[in-house]
Structure formats: C-alpha cells, structure tokens
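Below: the structure, in structure tokens.
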Amino acid sequence: MIINFLPWFPGILLGILLSLAVWNDIKSRLIPNKIVFSGSLIGIALNTLINPGAGLFNDPFGGLGILNAIAGLGVGERYLNRPRLTQEKFIENSFELTDQHKIFKTGDLGKILPNGEIQCFGRIDHQVKIRGQRIELGEIEAEISNLLEVKQAVVVAHKNEKNESIQLIAYLTLNENVLVDSEQNWLDQWKDLSTFLIKKWRENLAKELPDYMIPDHFIALQDFPLTPTRKVDRKALPKLSDYELNPSQDMELPQTKNEAIILKIWSEVLGSETISIIDDFFEIGGHSLLAVKVMVAVEKETGKRLPLATLFTNATVKKLALQLSDNSKKAQWESLVPIKTNGTKTPIFLIHGAGLNILLFKSICKYFDEQQPIYGIQALGLNYETDIPTDLKSIASRYLIEMLKVNPNGPFYLAGYSLGGFIAFEMANQLREMGKEISFLGIMDTYVGSDDREKAPFSYAYTKIKRQFNKLPFVAKTIIEHPADAIDYQLKSAWQKFNKIFDGVTEEEIKSFSTYERTVYDQFQRALVGYVLVPSDLTVHLFRVEKRLYYLDDPINLGWDKYALAGVKIHDVPGDHKTFLSPPNDKRFAEIFQQVLDNAD
6 MIINFLPWFP GILLGILLSL AVWNDIKSRL IPNKIVFSGS LIGIALNTLI NPGAGLFNDP
66 FGGLGILNAI AGLGVGERYL NRPRLTQEKF IENSFELTDQ HKIFKTGDLG KILPNGEIQC
126 FGRIDHQVKI RGQRIELGEI EAEISNLLEV KQAVVVAHKN EKNESIQLIA YLTLNENVLV
186 DSEQNWLDQW KDLSTFLIKK WRENLAKELP DYMIPDHFIA LQDFPLTPTR KVDRKALPKL
246 SDYELNPSQD MELPQTKNEA IILKIWSEVL GSETISIIDD FFEIGGHSLL AVKVMVAVEK
306 ETGKRLPLAT LFTNATVKKL ALQLSDNSKK AQWESLVPIK TNGTKTPIFL IHGAGLNILL
366 FKSICKYFDE QQPIYGIQAL GLNYETDIPT DLKSIASRYL IEMLKVNPNG PFYLAGYSLG
426 GFIAFEMANQ LREMGKEISF LGIMDTYVGS DDREKAPFSY AYTKIKRQFN KLPFVAKTII
486 EHPADAIDYQ LKSAWQKFNK IFDGVTEEEI KSFSTYERTV YDQFQRALVG YVLVPSDLTV
546 HLFRVEKRLY YLDDPINLGW DKYALAGVKI HDVPGDHKTF LSPPNDKRFA EIFQQVLDNA
606 D
C-alpha cells in the first residue's frame, strides 16, 4: 500500500510473515513500473540466500535461491503432525545472529546482485519439471518483465492433453505506450503486434534463458484476474485455446498434400493448432524426443522414413514436405550432414553416438561461433544401405571418404560423442597414416575402460571382485550428493544391462527405433565389441563431465592416456554423461569447445 499510494516514499516497509512483524528497508529505483527491493532485514529476519535443495550458499551472488529466512523466538519448532513439511521448511541454523537452532524458509525466490541488492523472482511454490530439468517459473517471469514492452508477467505450466507434454504459457500485461489505438479492439491490436513482438521477445529471452525455459505461448491481457488479497489468481487465467496466437511473422497455410500431412502431425505432437508451414520446429517447442515422434508418424502416414538428421536443415513443414516430394531420389542421404557450411574457420566434423543420429548436437550447434562451419556424421545404415561394414575400422574408413570430399587437404578437426569417440580416434589414426594433419581430436566423455579379457581366469576374477568393492563407496557417495540423478542412473543402467544396450543411448531412443534401425544398432554394437584400440601418436582433447554418476577405474583420463601417445588434454564440462550436451549445459559446453577449437588454429 505504501508503494501504491506514496511512490515517492523512500523508507520503510512493514512486512507480515506468519504473524511475525519484520521491518525492512527498501529502495525504489526510478525505472517505470519496476521496483527492486533491497536492504538488510532488521531484527530476527535473516537476509540471505538459501539453496532451494539444500543448505546455505557459500557464494550466493548471482545464484537463484530462497530469499529470506526467518529465525529467532518468533519461529516454532515444527508443523504439528506434518513431519514431511517440517523437514522441507525448517533447516538447521548455521548463523550466530540468534541462539535459536531452527530457520524457517519463507519460499520467496531471489538473487543477490553483486552490489548487494536483491532481485525478487516470486515463489518457490511455482517450481515445475520440464524435459528433465526443474525450473523456477519466477525466474522466467522476472526475465519477461525486463522486456521493454512488458509491464508484468505470470508464467504457468500447462499440460497438453494431446501429447501429455508440459508447455509454458506466459501471461503478460503491456506498458501503456505499446497499445495506442483506443478505437481498435484491444485483442485485435495484440494480434497485430504479436506477429513481430513474440519473435523479438524469444530472441531476447534466448540470451538469458536456456531454450526449455522460453515460453511456448505468449498471451497478453488487459489486466490480471486477482484474488481477494490482490494477488494474481492463476486459476482464473484464460484458457490457451481462447487466446493462442501464432508466433510466425506470417501465417502460411499448407499448399500440398505432404505439407498438410506434416502440419497435422506437428500440431498433434506439439499440441498447437496455430503452426505455420514456415515455423522452425525447434523454435516452437520441438526437441529431439518430439522429433522422433514426428518422423515415426511421417513414415506411418506416407510410407517414407526420413533420417532424423533431415530436421537439421529441413526444420519447417515446407522444407520437410519437399524432402518427401523429391521423386528424383529415393529418400537416401550420405552419412555426412552439412549443418552449417559457411564460415571462415576450419570445419569441425561431429560423429554420432550410440543413438546413431546426430540430433543430439542440435542444441550445442547454435552456440558455436558464427564463423564456425559444422558437419555431422550420422550412422551408416540409416539411409538403408545394404553393405554396412561389420568392423569399426571399415566404418571409419567410409566416413573418411565422405569427409575428404568436403575437406580434402585439411587441417582436420574431428570430435565424437560416446561411441563416436572410438570412431573419431580411428578416423584420426587413418588420417595420420595417410600423412594428413590432425589439428584437433575431441573425445566427448568416451570411456575406454580396461580390457581384462586377456588376463588369466584367476587374475580376471580378482580384478572384477576388487572393482565391485571400489564401486560400493563411490555409489553411496554419489547417491548422497545427487540422490535423484544417481538413483535414476542406477535404474536406467540396470535396464541397459538387462537389454544389452550401449551406454550413451537412452531408453526412449531404443524404443523409437524401427526394426531396421535396431538391426543397424546391433551391428554397430558388434563392431565396437570387436574393435581393438591401438596406441597412436595423437593428442586427445578429452571433454570430461563434472558430475560423474557411475564408477570408473580411471576417472582422470578415462583410459585415453594409454592410447593417445602425444598426450591427453582435459577440459571439464558441466553436467553428466547424458546431459552435458543438453540444456542448460549446452551453452557452456559450446563455449568451452569453441575456445579449444580456436586455440587449435
């Protein structure tokens, strides 16, 4: 009320929390429609930042956490007969400001800025999980509110009934100077403005947020519905179907049968009825798992199966339909996929993992330098070749033939993920034997392991037993440090071993394979089992994940020091083996990777 009626008031805000009066000082910044609260809490309220999942941050600046914690005589010991809620809300007090040993977490989210001020982000109650990542809706709301045209924003998670996916909807009010024509219907004005505003907002938000935190839909309202206590009534927000607007600059409708088929599939998979045939699949909510569903549905409807890599350069309905309509070829592609061909830097060739396709590289490619050419190499066999080699050396040789057509003279930059790490090493070794220059060989968290097959039976058994004893404390430590991720990994690892599945390929990928693709997968698995690494005078750049969820005999070099005789250069990257190429780790990985590439020039 002080802010509403006395905007000039410099001083004191009386806050009431659980009948506990807490005096706080605030600072009003002279930014239109925006107030940043800051200052030190007086008395028994602690102005600090608490990690939502654990204890206090050692270095809170820049980290998102619970803004205020209440301690002192005004805080009780627990919730009556609610032990789970007590454990969640009350934590041990590590401060010396009060003798009370309990701290109550308020649930307000915030970030302590370098200058000591606090930026508020809303409530921790509004956490959701999207594509395996737990996110704070308040953080998204704060970034949207920073957009020039936006007055206030509320973000909600909406479950799409068609495909059961979770979508983010941003409801917002606009600044008064945005909608200027009082004679025109307000909603019509918004429809006109949305054609360019939403595209602009997405671009600006992409600079601050990972792609899975950018809303799928934007809905502008004249006013937010409010509860009797003057808070936004999230339950009373309008339905998406009543306000959904198309994010494209132009709403282009299908003109051919194939365009209509693909558009219908996209609408069902993405859960949207307002898709244009020129919308980019990955910019309107698409990702690798949904891409699999799209391609399976396309094959079912048309009888033609397109490799997933097709979506790299044909990410619109219009372009994808042309691939189906091209009768001059039988829907066959080489293993080499040009992702980005222009640029002045030496091209990098990224080699597929156990999932066979290269769609996993889609997320990192957008963060590379604009002058960095990128080529992907998808698995032989995905194009329905009948003469797939049965050994890894021959597979690597086939990939080299295609690569040398693009870059015959070098220098050569190669990198492989998981299974692709072995293939990249073999390709580099064959290039060296040709007298070619290998300037960069990247191994993306591929573990060589130790080959115990040649040991005597007793020695082999002893090694296996010793390894199991070493694994036990590691697994226990990992479960304590990362309980959800570690348990999830152990369950998936058990499933992989039971089904004799490569590490580096997900259950979703395996289930999406057609019968033919599963045959190709099995052939690659046999090729890897029969492959014998030979030491070579090569330097390996090892991109090693920081979060290791499984035990390794050699967690430092991942076994590569025995084979890369010119040395192993280690680059630690955020995430675990399954997530370091995905949001939110993709951007940081690309930055590290690009820096190493630039230094190799």
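In our numbering, the protein residues as written are 6 to 606. Where a beta carbon is used, it is the ideal one built from N, C-alpha and C, also for glycine. Please read all numbers here as calculations on a predicted model, not as lab measurements.
Identify whether residue i lies in helix, strand or coil by the three-state DSSP scheme.
i    : result
T91  : helix
Q157 : strand
T584 : coil
Q376 : coil
G290 : coil
L226 : coil
L547 : strand
T4   : What is shown of the chain runs 6 to 606, which leaves residue 4 out entirely.
A314 : coil
A491 : helix
Y521 : helix
E181 : coil
L397 : helix
K536 : Residue identity differs from the one stated: residue 536 is Tyr in this sequence, not Lys. Coil at Y536, not helix or strand.
P65  : With a pLDDT of only 42 at P65, under the threshold of 50, the placement of this residue in the model should not be trusted; the figure read from the coordinates follows. P65 falls in the coil class under three-state DSSP.
M449 : strand
T577 : It should be pointed out that residue 577 corresponds to Asp in this sequence rather than to Thr. Three-state result, D577: strand.
A420 : strand
Is residue i buried or exposed, if buried means 16 or more other CB atoms sit within 10 Å of its CB?
i    : result
L361 : buried
R549 : buried
E181 : exposed
T349 : exposed
E522 : buried
G143 : buried
I224 : buried
K323 : buried
G67  : Here the model assigns G67 a pLDDT of 45, short of 50, so the residue's position is not dependable, and the following value carries that caveat. By the 10 Å Cβ count, G67 comes out exposed.
P378 : buried
E304 : exposed
F585 : buried
V534 : exposed
I485 : exposed
K583 : buried
F201 : exposed
G308 : exposed
A595 : buried
D450 : buried
V411 : exposed
Check whether the Cβ atoms of residue i and residue j lie closer than 8 Å to each other.
i    : j    : result
E148 : L226 : no
V448 : H546 : Inspection of the sequence shows that residue 448 is occupied by Ile rather than by Val. Yes; because the gap between Cβ atoms is below 8 Å, this pair is in contact.
Y217 : P588 : yes
K367 : F317 : yes
L341 : Y380 : yes
A314 : I353 : no
I280 : L268 : yes
V160 : L179 : no
K592 : Y372 : yes
D552 : D527 : In the sequence on display, residue 552 carries Lys and not Asp. Cβ atoms of K552 and D527: not closer than 8 Å.
I145 : Q132 : no
P416 : S444 : yes
I344 : V299 : no
V525 : L387 : yes
L311 : I289 : no
E278 : E339 : no
I561 : V578 : no
Cutting at 7 Å between CB atoms, please list the residues of its own chain near residue i, excluding the five before and the five after it.
i    : result
S432 : Per the sequence shown, the amino acid found at residue 432 is Met instead of Ser. Answer for M432: A401, Y404, L405 and L419, listed in chain order.
Y452 : L557, L563 and G564
I36  : Caution is warranted here: a pLDDT of 39 is assigned to I36, below 50, making its placement in the model unreliable, and the coordinate value is therefore given only provisionally. Counting only Cβ-Cβ distances below 7 Å, and skipping sequence neighbours, we find nothing.
E213 : E148
K156 : N38, T178, L179 and N180
Please determine, among the options, the residue with the shortest C-alpha to C-alpha distance to residue i.
i    : options                   : result
T321 : T307, P378, G291 and A302 : G291
E375 : E141, Q599 and I108       : Q599
K398 : P579, H487, F430 and I270 : F430
F529 : I219, R235 and L424       : L424
Using C-beta distances below 8 Å, list every residue in its chain close to residue i, excluding the 5 sequence neighbours before and after it, in chain order.
i    : result
L570 : P540, S541, D542 and L543
D396 : A532, G535 and Y536
With 8 Å as the threshold, decide whether the Cβ of residue i is near any Cβ in chain D.
i    : result
A320 : This model lacks chain D altogether; it includes just one protein chain.
Can you find the residues in the same chain that come closer than 6 Å, C-beta to C-beta, to residue i, ignoring five residues on each side of it along the sequence?
i    : result
P252 : At P252, the pLDDT of 45 sits below 50, so the modelled position is not reliable and the matter cannot be decided from this model.
E257 : S281, I282 and I283
P259 : A265, L268 and I282
R83  : T91
E306 : I266
I135 : I171 and Y217
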